[in-house]
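Trainee:
Numbering (the UniProt record's numbering), first residue to last: 1 to 228.
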């Protein structure tokens with residue numbers, strides 16, 4: 001599987017993660033994006049030995065879209081700090097079941113993760129290990145009982161988008177773990193559409209994006225084509 005490179009310089013490489021590919025090696029032993037990108041660098045630049053590549057954030061296996069890797073330890077440290085301080089801007093596109101009554105809004109919840117089951121639920125603030133979660137959303141289009149939604153993450157909790165939508169009755173298409181009945185296999189209707197961050201050495205804010213056209217996103221192709 002070839003790596004789709006969106007941007008690259010001496011410090012970072014921005015790539016598009018396909019649906020169904022792990023961000024990093026997991027117990028399945030399946031080909032993962034971190035290894036694929038290392039191999040791309042190794043073969044493109046004929047580098048001997050091991051290639052350094054810093055994993056600073058992840059996407060769920062069933063999710064696709066834009067990811068950035070660090071090519072130096074300095075870049076990895078600075079990008080990781082941006083993420084910890086919530087300065088990295090993360091935008092997602094989701095296709096959800098149903099029509100939301102409000103076409104834009106902000107959702108705030110407290111989430112709890114069951115690590116044994118790898119399931120996240122909405123909980124009360126008082127629950128042990130509860131973590132605050134916040135996102136902004138805007139409905140871009142509606143058709144055939146599903147909605148295309150643009151999401152800006154304010155926090156980066158595990159399964160956050162999936163849980164915050166499903167808990168309100170709008171499961172992401174194909175997300176059977178959180179109640180979807182939409183027939184997708186191996187992926188869900190969630191895509192990392194755009195990320196923005198300060199370049200670790202240039203100190204300029206950069207934005208990178210990509211658009212999904214796989215089903216059911218293809219139903220909204222005209223809307224996707226019009227995004228900036």
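Don't be surprised by glycine CBs; every beta carbon is placed ideally from N, CA and C. Source: prediction; values computed, not measured.
Taking the beta strand (DSSP E) that residue 88 falls in, what are its first and last residues?
Mentor: Careful: residue 88 lies outside any beta strand (DSSP E) and carries neither H nor E.
Trainee: What runs of the alpha helix (DSSP H), each 4 residues or longer, lie entirely inside the segment 57-98?
Mentor: With a minimum length of 4 residues, the continuous alpha helix (DSSP H) runs that stay inside the segment 57-98 are 73-84.
Trainee: Suppose contacts are defined by Cβ-Cβ distances below 9 Å. Is residue 100 in contact with residue 88 by that definition?
Mentor: No, these two residues do not count as a Cβ contact at 9 Å.
Trainee: Roughly how many angstroms lie between the CA atoms of residue 198 and residue 141, to the nearest whole one?
Mentor: Answer to the nearest angstrom: the Cα atoms are 31 Å apart.
Trainee: How close, in whole Å, do the beta carbons of residue 162 and residue 172 come, if the pair is a contact with beta carbons under 8 Å?
Mentor: Sure, about 6 Å apart at Cβ, within 8 Å.
Trainee: According to DSSP, simplified to helix, strand and coil, what is residue 146?
Mentor: Three-state result, residue 146: strand.
Trainee: Sort 36, 98, 200, 181 by Cα distance to residue 77 and report the nearest one.
Mentor: The shortest C-alpha separation from residue 77 is found at 200.
Trainee: Within a Cβ cutoff of 8 Å, which residues of the same chain sit near residue 25, ignoring the five residues on either side of it in sequence?
Mentor: Excluding positions up to five away in sequence, the list reads 32, 34, 35.
Trainee: Mind pulling the beta strand (DSSP E) runs of 3 or more residues that sit fully within the segment 97-175?
Mentor: Segments of the beta strand (DSSP E) lying fully in the segment 97-175: 104-114, 119-123, 131-143, 146-153.
Trainee: Starting from residue 223 and walking both ways along the alpha helix (DSSP H), at which residues does that stretch end?
Mentor: Taken as a continuous stretch (DSSP letters only), the alpha helix (DSSP H) holding residue 223 covers 221-225.
Trainee: Counting beta carbon pairs with one atom in the segment 206-220 and one in the segment 119-138, are three or more of them shorter than 8 Å?
Mentor: Judged by Cβ distances under 8 Å, the segment 119-138 makes no contact with the segment 206-220, as fewer than three pairs qualify.
Trainee: Does residue 35 come out as helix, strand or coil in the three-state DSSP assignment?
Mentor: In this structure, residue 35 counts as helix in the three-state DSSP scheme.
Trainee: Helix, strand or coil for residue 177? Go by DSSP, reduced to three states.
Mentor: Three-state result, residue 177: helix.
Trainee: Under the three-state reduction of DSSP, which class applies to residue 40: helix, strand or coil?
Mentor: In the structure shown, residue 40 sits in a helix (DSSP, three-state: H, G or I).
Trainee: With a 10 Å radius around its C-beta and 16 neighbouring C-beta atoms as the bar for buried, classify residue 159 as buried or exposed.
Mentor: Per the 10 Å Cβ criterion, buried.
Trainee: Residue 17 lies in the beta strand (DSSP E); which residues open and close that run?
Mentor: Segment 12-17, the beta strand (DSSP E) holding residue 17.
Trainee: Cα separation between residue 21 and residue 227?
Mentor: Using only the alpha carbons, I get a separation of about 25 Å.
Trainee: Is residue 187 near residue 214, with beta carbons less than 9 Å apart?
Mentor: Yes. Within cutoff.
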